[in-house]
Structures are given as structure tokens and as C-alpha cells.
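Okay, structure first, notes after.
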Amino acid sequence: MSRTISFSRTRVALVAAPLVPLAVGAVPIPFRTDVSNTNVALVLVVAVVGLAVSQLAARARTLKILAITNADYLARIQGTARAARSATSPDAVAAHVRDELVTVLGLRGCRFEYGSLVGRPPRVERDGNVVVGRKTWGVDALGWPGEDVELRVFHNGRFYGRFMMQPTPGIVPPLQARLLAVSLADQTGAAFDLPSTHAAA
Numbered sequence: 004m005s006r007t008i009s010f011s012r013t014r015v016a017l018v019a020a021p022l023v024p025l026a027v028g029a030v031p032i033p034f035r036t037d038v039s040n041t042n043v044a045l046v047l048v049v050a051v052v053g054l055a056v057s058q059l060a061a062r063a064r065t066l067k068i069l070a071i072t073n074a075d076y077l078a079r080i081q082g083t084a085r086a087a088r089s090a091t092s093p094d095a096v097a098a099h100v101r102d103e104l105v106t107v108l109g110l111r112g113c114r115f116e117y118g119s120l121v122g123r124p125p126r127v128e129r130d131g132n133v134v135v136g137r138k139t140w141g142v143d144a145l146g147w148p149g150e151d152v153e154l155r156v157f158h159n160g161r162f163y164g165r166f167m168m169q170p171t172p173g174i175v176p177p178l179q180a181r182l183l184a185v186s187l188a189d190q191t192g193a194a195f196d197l198p199s200t201h202a203a204a
């Protein structure tokens, strides 16, 4: 056997050594105390293939969840657009979006307020982040702030009102859900410019 081949097998053995204990419990391959280079190489291949398969399976599950979630979010946006087209007043659109926000964000309650901004409650920004005062609040790590959270409603640069949301302790909606909430609020603002709702308002 040539020196080159022996050297390559030695390197394989060194790389595979940490994987041997993991593979022994999962693969029924007989081992002796003096594990041969061939067996070590086989263990390495099996371990790498097994890891790749498990990662692909996990990725497939993640993609399936994302696909279901995205489809649900898209359906909610489309449903709100239909509600806005058939509504006779902005109040009806705001009520529809209020119910959607409760479901999507897992809120205890939510109300829509017309008029000027009052106070400085925590608020959801357009990027889905939550701001308390002038600082970003780490929702993913800290959960919601311990008070009502504001979601402002604008359209064409004009402020129409805000949703005041009462979070449920222990429920932390993901960023995608918060971005959906922003989109739904935008649709509420757009309802004020629709001929049917604008005339009724």
C-alpha cells in the first residue's frame, strides 16, 4: 500500500474519531477495540449521510410550516381587502382588522381609537419591531411590554387613528405576525380613501 493512501486514511481516521461514539448508537456496525481504517471511514460516511438526511427533513418541516403560515397570512390580507371593498364605513373595516389582530397576535383585547395621538405607549413600528420610548424592545426575548401597545394607522401620510392592543402574557407573536399586523393596519387606513367608506364616514 502506498504512503499516499496510508496518509489519507490516517487523516480520515482523525476526522472521524469524534463521530464514532455518535454513530455507534445509531448504526448496527460491529466494532472492535482496534477499529480499522476502513470501518472508521465507513462510520464517517454513514454519520455524514445521516446528518444530511436529518437536516433535510428538518428543513422540509420548516418550509412546510412557513408555507402554511404564509398562505394563512395571505388569506387574511385578501379577506381584509374584500371586507374593505364591501364595507359601508371605515368603522366596519377597523372592526374586521381588530378581530384579525386579536387572532394573529394572540391578544387579550384590542380597540380602535380615532383622533390625535395621546401619550407615548409602546408601539409597533413598520418593520415589526416594538419601541418603548425611543428604544427598541426585544419582543422575541422579553415578550410584549407590560401595557397596551399601539399600532398606528396612516394612509398617504395622514394619521387616521390607532389600534390599542392588550397583549396576552406569555404569548410572543413572531416577526412575521407583527409585519402582518402592520399590513392590516395599512388596509384600515386605505379604507378611509375608498369612495364607499369615505362617503359613509
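Take 4 as the starting number for the sequence shown in our numbering and just add one per residue.
Ideal Cβ placement from N, Cα and C applies to all residues, glycine included.
key: Local conformation of R161 per DSSP, three classes   = The answer is strand: DSSP assigns R161 an E or B state.
ask   = Looking only at C-alpha atoms, which of A78, A86, T191 and H158 sits nearest to F166?
value = Residue T191 is the option with its Cα nearest to F166.
task = Kindly indicate which three-state DSSP category F195 falls into: helix, strand or coil?
result = Of the three classes helix, strand and coil, the one that applies to F195 here is coil, per DSSP.
query = Given a threshold of 16 other Cβ atoms within 10 Å of its Cβ, counted over all protein chains shown, does L154 qualify as buried or as exposed?
reply = Buried, since its Cβ has 16 or more Cβ neighbours within 10 Å.
query = In angstroms, rounded to a whole number, what distance separates the CA positions of Q179 and L104?
reply = So the two alpha carbons sit approximately 13 Å from each other.
ask   = According to DSSP, what are the bridge partners of G109?
value = Bridge partners of G109: none, in fact.
ask   = Are at least three pairs of beta-carbons, each pair with one atom in the stretch 181-196 and one in the stretch 80-100, less than 8 Å apart?
value = The stretch 181-196, when compared against the stretch 80-100, does touch it at the 8 Å Cβ threshold.
ask   = Between N132, T91, S119 and A90, which lies nearest to A144 when the distance is taken from Cα to Cα?
value = Of the candidates N132, T91, S119 and A90, the residue whose Cα lies closest to the Cα of A144 is N132.
key: Residue ranges of each beta strand (DSSP E) within the stretch 133-177, 3 or longer   = With a minimum length of 3 residues, the continuous beta strand (DSSP E) runs that stay inside the stretch 133-177 are 133-135, 138-140, 152-158 and 161-169.
inquiry  = I'd like the list of long-range same chain contacts for P115, defined as Cβ closer than 7 Å, with 5 residues on each side in sequence excluded.
reply    = The sequence shown places Phe at residue 115, rather than the Pro named in the question. Contacts found: A97, R101, G164 and F166.
message = Using a Cβ-Cβ cutoff of less than 6 Å, which residues in the same chain neighbour E150 once the five nearest sequence positions on both sides are dropped?
response = Contacts found: none.
task = Consult DSSP for E116 and reduce its assignment to one of helix, strand or coil.
result = Three-state DSSP puts E116 in a strand.
query = Under the three-state reduction of DSSP, which class applies to V121: helix, strand or coil?
reply = In the displayed model, V121 falls within coil according to three-state DSSP, outside both helix and strand.
inquiry  = Do A194 and A87 count as a contact pair if the criterion is CB distance below 7 Å?
reply    = Taking 7 Å as the cut-off, the Cβ atoms of A87 and A194 count as close.
task = Grab me the residues of R129's own chain with a C-beta within less than 7 Å of its C-beta, minus the 5 sequence neighbours each way, in chain order.
result = Excluding sequence neighbours, R129 sits near V185.
ask   = In angstroms, rounded to a whole number, what distance separates the CA positions of G146 and L183?
value = Straight-line Cα distance between these residues: approximately 18 Å.
task = Could you tell me which residues DSSP puts in a beta bridge with R126?
result = Answer is V134 and E153.
key: Rounded straight-line distance, which links the Cα of P124 to that of V135   = The alpha-carbon atoms of V135 and P124 are separated by roughly 7 Å.
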